[in-house]
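Following: one structure in structure tokens, then a few remarks.
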RNA sequence: GCCGCGUUGGUCAAGGGGUUAAGACGCCUCCCUUUCACGGAGGAAUCACGGGUUCGAUUCCCGUACGUGGUACCA
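In this note's numbering, the protein residues as written are 2 to 509.
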């Protein structure tokens with residue numbers, strides 16, 4: 002593996018449903034990797050034992066599989082840098098934390114959570130509502146800097162719980178280049194001494210991400226904008242560990258915001274506004290609460306990926322509908338927007354509609370069948386495929402095929418006869434009885450059917466226009482659907498006759 | 001509060017010192033369709049504000065405002 006082989010990673014913590022924004026981060030990683038013939042690594046960030054959620058890891062894999070964004074290396078497909086679960090790499094991090102201790106860039110801290118809270122309370126003022134553990138305060142805390150070597154050694158020998166913190170230097174400016182934002186800088190004086198190794202021996206994200214990115218030879222690190230404020234800590238760590246030359250290139254992705262109001266898009270917003278936020282259905286194992294996903298809502302994975310790609314990125318050409326392959330070719334990190342994007346569900350549905358039109362009917366049939374089953378409608382594949390050809394252009398989501406197509410499978414339960422009742426006449430009843438009776442001898446194609454319909458209408462002296470809508474409502478149940486004679490041809494003469502007769506009875 | 005990062009129509013956005021400031025979604029009107037959609041043709045609607053720099057700023061610089069993120073032994 003040569004030195005400039007692109008390696009990227011997505012490092013989720015398995016704590017629940019996979020959010021839109023998470024999938025987009027995966028997507029940008031994936032596209033970047035494909036574009037440069039690189040490797041896409043999935044690393045499980047499970048260093049917080051308190052937040053372990055059973056099933057969450059499996060769910061992440063399922064989502065990525067559904068989206069077609071499967072990783073090249075992961076806990077399921079180990080490459081040369083296993084293990085890929087951070088909890089299984091625990092021992093590794095300690096070594097590096099100790100290295101930092103030795104070089105004086107980190108220190109032991111024995112402060113209990115209560116003592117930390119005490120400090121924050123004592124120091125809190127209106128001007129400084131969130132006092133930090135930093136160069137100003139570390140001198141008044143219980144750590145190896147204030148206690149001295151001997152006392153520190155004694156406390157450790159006694160088994161006193163401790164954490165290891167980075168010692169952030171004073172009066173320095175940390176610069177780094179972001180592929181999307183350009184030069185970014187932070188003053189170290191406002192960066193706090195982040196915990197690197199927790200009391201339980203697990204690393205925090207800050208230590209783990211640097212160590213693993215180095216060890217796994219990650220060349221480009223893409224993550225959400227929420228990580229920007231802690232970037233200086235990571236840069237410092239790359240430097241202190243002596244790996245600065247191997248530091249990946251950074252790109253901090255803009256956030257996906259809620260459509261109304263402000264703030265990051267959350268699961269709650271989806272519930273509130275009526276659209277999915279997770280990729281697939283997620284069942285909270287504790288509460289049993291189900292949050293619906295894009296997949297179950299009736300999105301095609303390629304549409305989901307497409308709409309995500311266009312949230313915060315665009316290729317600068319007029320085309321908006323793309324396959325994953327096209328996206329791989331076109332993608333570039335430099336064209337990612339800096340500002341956050343509000344999620345627009347209407348546009349999301351439009352993307353799905355566009356992809357439905359581009360999908361062949363047989364595949365749609367297999368995707369749509371479960372939605373019919375849910376409604377207890379048995380849809381025979383070949384027939385379903387033909388029905389889909391007739392109704393697909395008016396479908397935005399997969400369940401639309403059921404609402405737009407159920408009358409192909411069963412008579413309308415409650416035809417909206419009110420719409421024609423007022424203008425009904427015995428002559429019309431007679432017309433329909435006569436026409437229905439003639440159906441068996443007419444070729445089942447829409448032209449022949451329409452010709453006979455027109456001919457009989459003329460013979461009876463009734464305007465064809467006064468008969469079309471009634472026929473539609475008898476067969477479909479309402480004012481919608483494809484050409485009415487296409488429907489007759491599709492459902493056949495027996496069903497047509499039955500529906501006409503049933504309606505006639507009601508109109509009598 | 002402090003720090004970081006942002007800001008082109010309602011939304012996604014192209015553009016970037018001189019333009020009639022693209023396109024898409026949504027909305028409205030019309031056409032097509034003896035239904036509803038699809039499709040087509042139009043329309044309303046935008047460079048946050050204030051200072052500079054400049055012959056000329058939406059574009060560059062500085063402020064302000066606003067938004068957003070962070071400020072955990074969570075990621």
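From the three backbone atoms N, C-alpha and C, an ideal C-beta is built for every residue, glycine too. These figures come from a predicted structure and were not determined experimentally.
Nearest in C-alpha terms to residue 264, of all of 342, 176, 40, 174, is 342.
For the options 172, 387, 13, the alpha carbon positioned closest to that of residue 488 is the one of 387. As the crow flies, the alpha-carbon of residue 48 is around 27 Å from that of residue 33.
Here residue 318 is exposed, its C-beta having fewer than 16 other C-beta atoms within 10 Å. Taking one beta carbon from each stretch, the region 38-48 and the region 9-20 have 3 or more pairs nearer than 8 Å; the two touch.
When C-alpha distances from residue 486 are compared across 449, 422, 460, the shortest belongs to 449. Residue pairing by DSSP puts residue 184 in a beta bridge opposite 178. In this model, residue 271 and residue 445 are separated by some 46 Å (Cα to Cα). By the CB criterion at 8 Å, residue 94 and residue 242 fall outside the cutoff. A Cβ-Cβ distance of about 5 Å is found for the pair residue 252 and residue 181, placing them in contact under the 8 Å criterion.
Secondary structure within the region 202-249: the alpha helix (DSSP H) runs of 4 or more consecutive residues, fully enclosed, are 206-216, 232-241 (chain order). Residue state for residue 83 is assigned as coil, using DSSP reduced to three classes. Only residues of its own chain outside the window of five on either side were considered, and among them 43, 85 have a CB closer than 6 Å to the CB of residue 75, listed in chain order.
In this structure residue 6 is exposed. Its beta-carbon is surrounded by fewer than 16 other beta-carbon atoms within 10 angstroms.
Under the criterion of beta carbons closer than 8 Å, residue 298 and residue 316 do not qualify as touching, at roughly 27 Å. Following the DSSP letters along the chain, one finds residue 369 inside the alpha helix (DSSP H) bounded by residues 362-375. By the CB criterion at 8 Å, residue 280 and residue 19 fall inside the cutoff. Unbroken beta strand (DSSP E) stretches of 3 residues or longer found wholly inside the region 283-308: none.
Three or more beta-carbon pairs separated by less than 8 Å are not found between the region 368-377 and the region 329-346, which leaves the two stretches without contact. Beta-bridge partners assigned by DSSP to residue 108: 166.
With fewer than three CB-CB distances shorter than 8 Å, the region 118-127 does not count as touching the region 154-173.
With fewer than three CB-CB distances shorter than 8 Å, the region 197-211 does not count as touching the region 357-365. When secondary structure is reduced to three states using DSSP, residue 101 falls in the helix class. Bridge partners of residue 41 according to DSSP: 9.
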